[in-house]
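Quick note on the numbering used here: the sequence shown kicks off at 16 and runs consecutively. In this text, a Cβ means the ideal position worked out from N, Cα and C, and glycines have one as well. Report on the following structure.
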Amino acid sequence: MIKGKMLNALNEQINAEQYSSLLYLSMSAWLSEKGLPGFANWMYVQYQEEMTHANKFFKYVVERGGKAQLNAIAQMPVEFDSVIDVVEKTLVHEQYITALINNLVDVAIEERDHAAQSFLKWFVDEQVEEEANVQEILDTLKLINGQGNGIFMLDRELRQRVFVDSTAATTV
Ligand code: OFO
């Protein structure tokens, strides 16, 4: 049974992942309004992925006999300066999430919770991929200065992203 510091940290992570999902949904709305359907789609898929991350933590807590606790989610930003601003904020947020995941691993090691360490490995790997993907988009955006033909092409490319539910096989 999971309890104490590990349980609290996992419950905080459910909240952080839910916040992430709503942050990206809000960004998707902004991008859509600015006439960038591809970016909006990419961010909407990001929102869907974050929901699955929150659910994955929720299911794990329940599976380990813990009480999953859902708290109020902070207001996410709704206005942004530019598409570059959106992607920069996404990268900063993902780096923050990586720090939270690393902290969770530290707690799991401290508590000698081997099951939690094993569970968290998926998120450690996922964060490497997430940061790399966002960094790549940001680099391209900076290269084309966030405008012109380049942004049109990039927007078209980002329209291709499709949501894949990595948690579909798990049950509560
Ligand atoms: Fe973006 O990985 Fe979850 O939060």
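When ALA55, VAL101, PHE73 and VAL139 are compared against GLN150, the one with the closest alpha-carbon: Within the sequence shown, the letter at position 135 stands for residue 150. Nearest option by C-alpha distance: VAL101.
Span separating the alpha-carbon of LEU46 from that of ALA69: Stepping through the sequence shown from its first residue, residue 46 is reached at position 31. Stepping through the sequence shown from its first residue, residue 69 is reached at position 54. If you take the alpha carbons of LEU46 and ALA69, they lie about 24 angstroms apart.
GLN162 versus LEU169 - alpha carbon distance: Residue 162 sits at position 147 when you count from the first residue of the sequence shown. Residue 169 sits at position 154 when you count from the first residue of the sequence shown. Each residue's alpha carbon lies about 10 angstroms from the other.
Beta-carbon contacts of MET91 that lie in its chain and below 7 angstroms, excluding the five residues immediately before and after: One-based indexing of the sequence shown puts residue 91 at position 76. Result list for MET91: TYR34, LEU37, LEU38 and SER41, in chain order.
Where ILE17 sits in the DSSP three-state scheme: Translated into the one-based positions of the sequence shown, residue 17 becomes position 2. Note: ILE17 maps to coil in three-state DSSP.
Which listed residue (THR105, ILE88, PRO52 and ASN86) has its alpha carbon closest to that of PHE95: Stepping through the sequence shown from its first residue, residue 95 is reached at position 80. The candidate whose alpha carbon is nearest that of PHE95 is THR105.
Residue range of the unbroken alpha helix (DSSP H) whose run includes SER133: The residue labelled residue 133 in the question sits at position 118 within the sequence shown. 129 to 158 is the span of the alpha helix (DSSP H), which, as asked, contains SER133.
Contact between the segment 124 to 135 and the segment 166 to 182 (3+ Cβ pairs under 8 angstroms): no
SER35 beta carbon near the ligand OFO (any heavy atom closer than 7 angstroms): Start at 1 with the first residue of the sequence shown, and residue 35 comes out as number 20. Because some heavy atom of the ligand OFO lies under 7 angstroms away, the Cβ of SER35 counts as near it: yes.
Candidates ALA123, ILE166, VAL139 and ALA55: closest to ALA114 by CA position: As a working note, residue 114 is residue 99 in the sequence shown. For the residues ALA123, ILE166, VAL139 and ALA55, the minimum Cα distance to ALA114 belongs to VAL139.
Rounded straight-line distance, which links the Cα of GLU146 to that of GLU109: Stepping through the sequence shown from its first residue, residue 109 is reached at position 94. Stepping through the sequence shown from its first residue, residue 146 is reached at position 131. Each residue's Cα considered, the two are about 6 angstroms apart.
LYS157 and ILE99 closer than 8 angstroms at C-beta: Sequence index remark: in the sequence shown, residue 157 carries index 142 (1-based). Sequence index remark: in the sequence shown, residue 99 carries index 84 (1-based). It is a contact, given that the beta carbons lie within the stated cut-off.
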